[in-house]
Amino acid sequence: MLIIIGLVLLAVGAIWWERNRRRRRSRVAAGLVSTDPAVRAQALREVSSVGLRPWAPLLLSRIQEVDDEALLGELVWVIAACQWEPADDPSIVQLRLWARQRSGSDLTALAEAAMVPNPPATPMSPAVTSTPAPQPLTPPAVPEASTVLSSPTSVVVTAPQAALGAAQVAEPAARPSPAPASPSGPKPALVNAIEDALGRPVLAVEFVPAPRRPQPAPHPDPESGGSANGQFDRVGAVPPSRVADLDAG
Amino acid sequence: MDDVSAKVASTRASKGLSIDGQGNVRRDVAAAAEPAAVAASLCEFLGPLLGVELRPLSARAMASSSGLVGLVTIRADEGGSVSFVTGTATEASAAEAVAIAVLRALEVEDGLLVAAGRRWARHPDVTTVTVMTPDTSHLLKGNAHDGDEHWALLGTLSGPGRLSVRTQEGEMLVLGLAEVAISLSIARSSPIIDRVHRWMIDVEARVSEDLC
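Going down the list, the protein sequences come from chains B and U.
Residue numbering for the first sequence follows the numbering used here, starting at 2 and increasing by one per position.
Residue numbering for the second sequence follows the numbering used here, starting at 8 and increasing by one per position.
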């Protein structure tokens, strides 16, 4: 007997839930085509919180038949606000492609548009933002492979292969700090170049060249006057031989 | 090469993912690759470089009149702040469409250094961020004077590599690839200096070997 009562209650609940859902969808559908901006905004807000899927056919027909710029802007807005919804329905894809084409920007720009507080008649909050909260990056912990010889105004040039290998495999380690000041001596050329560039003294300089790897033969570009392999023209400010000197020194 | 190095090299090679001299994600994606696998490998590759834990929720390609439309939805967990990003792209092959859709979703289509630079720029201790190509300089954060200093600093590099300069005011870190460079000015003694430094090492380690 209890089982029968339970089943009846479940059936009543299911019927109630389905009727409620249909009524809600009908109300939203009616709201979407309403001429009253406030009603329309309420409907759009509901769509943005539920997702495009239930009303995708209606929205597709709306984008075909509506020619009012304000109404089209609202549709773009609600499509952008529903970017959290998985794009596994052709109708949703069509809506997004339309919105993208109409706005002339990508989905990110649409998401930003969705965060504008006053798109339709009343403000709405997008369900999800596409911009994560500010957070420091947390790259894999790798040590600094170079050996710092820094004194005030010192230069370190380390073996690139060692740096690469250690970057991939070694355990985390703190970055070395500059050593205490050493007896004064002639400044390395790179330090002079940097101080000239900045127009002020520097306390420590460390340069680790990229690992040397096999690369194709250079093709000089006489038009640009740039470096042979398309690298920075200004990179040539310090000839490679100077780095070698520093390394040796 | 020890076991760990061999494993790292093998993993990188098998995925065919690297960073080229312009800071773009370089991929040798087989046209027949499964969209889900393409999205997963790209997320695994890019997540550590962007400081975000990425997990593709859906990745599929659908036929359309203009080609195959790649659709991806990715869950991004950044220090507990979860967001969902989506991307679409139309290409000739499903794998390429999904790959580009992932890059668009993560905003790295214009280059990894720009995307990462924007993230670093959000940190209060980072005062200036500049991304430079051989003939342009994009100031992502800071004032023009500091941007000029970064440009001047770049001129002192003898080639690709990492440069750090400590001054009384703070520290300037530069990562130069073959055709693009990023430079950051950071307040002195900030804990983020180490993180930026390690990030630069990590990016440099992923530069494709024939383009460095």
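The beta-carbon is built from N, C-alpha and C at its ideal position, and this holds for glycine as well.
For the pair Gly94(U) and Ala112(U), the CB atoms are nearer than the 8 Å cut-off. About 14 Å separates the CB atoms of Ile189(U) and Ile200(U); that is not less than 8 Å, and the two are not in contact. Secondary structure note for Ser100(U): it is in no alpha helix (DSSP H), with a DSSP letter that is neither H nor E. Rounded to the nearest whole angstrom, the CA to CA distance from Leu49(U) to Glu86(B) is 21 Å. Per DSSP, the unbroken alpha helix (DSSP H) holding Leu96(B) starts and ends at 91 to 104.
In the displayed model, Ala211(B) falls within coil according to three-state DSSP, outside both helix and strand. In this structure, DSSP gives Leu113(U) a state outside helix and strand, which the three-state scheme calls coil. For Pro189(B), the number of other beta carbons within 10 angstroms of its own is at least 16, and it is reported as buried. No Cβ-Cβ contact shorter than 8 Å links Leu184(U) with Gly58(U). At a cut-off of 8 Å between beta carbons, Thr135(U) makes no contact with chain B. Contact of Ala81(B) with chain U is not assigned, every C-beta pair being separated by 8 Å or more. Uninterrupted beta strand (DSSP E) stretches at least 3 residues long and entirely within the stretch 98 to 179 of chain U occur at 133 to 139, 144 to 148, 168 to 173, given in chain order.
Collapsing the DSSP output to three states places Asp197(B) in a helix.
Contact annotation: in the stretch 150 to 169 of chain U, residues whose CB is within less than 9 Å of a CB in chain B are Glu156, Trp158, Ala159, Leu160, Leu161, Gly162, Thr163, Leu164, Ser165, Gly166, Pro167, Gly168, Arg169. Around the beta carbon of His152(U), fewer than 16 other beta carbons sit within 10 angstroms, so the residue counts as exposed. Three or more Cβ pairs drawn from the stretch 77 to 94 of chain B and the stretch 47 to 61 of chain B lie within less than 8 Å of each other, which places the two stretches in contact. The straight-line gap separating the alpha-carbon atoms of Ala46(U) and Ile81(U) is approximately 9 Å. Nearest to Leu73(B) by C-alpha distance, out of Glu207(B), Ser104(B), Ala57(B), is Ser104(B). No Cβ-Cβ contact shorter than 8 Å links Val92(U) with Val94(B). About 5 Å separates the Cβ atoms of Leu147(U) and Ala128(U), confirming a contact at the 8 Å cut-off. Asp209(U) sits in a helix when the DSSP states are folded into three classes. At a cut-off of 8 Å between C-beta atoms, Ser171(U) counts as an interface residue with respect to chain B.
Annotated three-state conformation of Ala185(U) is coil, per DSSP. Note that the C-beta distance between Leu64(U) and Gly54(U) is not below 8 Å. Of Ser88(U), Leu161(U), Glu186(U), Arg67(U), the smallest CA-CA separation from Ala101(U) is found for Arg67(U). Under the Cβ distance rule, Trp99(B) does not count among the residues neighbouring chain U, no pair being separated by less than 8 Å. Taking 8 Å as the threshold, the shortest C-beta distance from Thr143(U) to chain B does not fall below it. At a Cβ-Cβ threshold of 8 Å, Ala96(U) and Ala83(U) do not count as neighbours.
In this structure, Ser88(U) keeps its C-beta atom at 8 Å or more from the C-beta atom of Asp132(U).
The beta carbon of Arg33(U) sits no closer than 8 Å to any beta carbon of chain B. With respect to Ile195(B), Val206(B) sits close: the two C-beta atoms are nearer than 8 Å. Excluding five sequence positions before and after Ala88(B), the CB atoms of its chain that fall closer than 8 Å to its own CB belong to Val94, Arg97, given in chain order. Residue Pro91(B) holds the alpha-carbon nearest to the alpha-carbon of Ser71(U) among Leu204(B), Ala12(B), Val34(B), Pro91(B). Chain-ordered, the chain B residues with CB closer than 9 Å to the CB of Arg67(U) read Ala88, Asp89. Taking a beta-carbon distance threshold of 8 Å, Arg201(B) counts as an interface residue toward chain U. Within chain U, the residues placing a beta-carbon under 8 Å from that of Pro210(B) are Ser165, Gly166, Pro167, Gly168, ordered along the chain.
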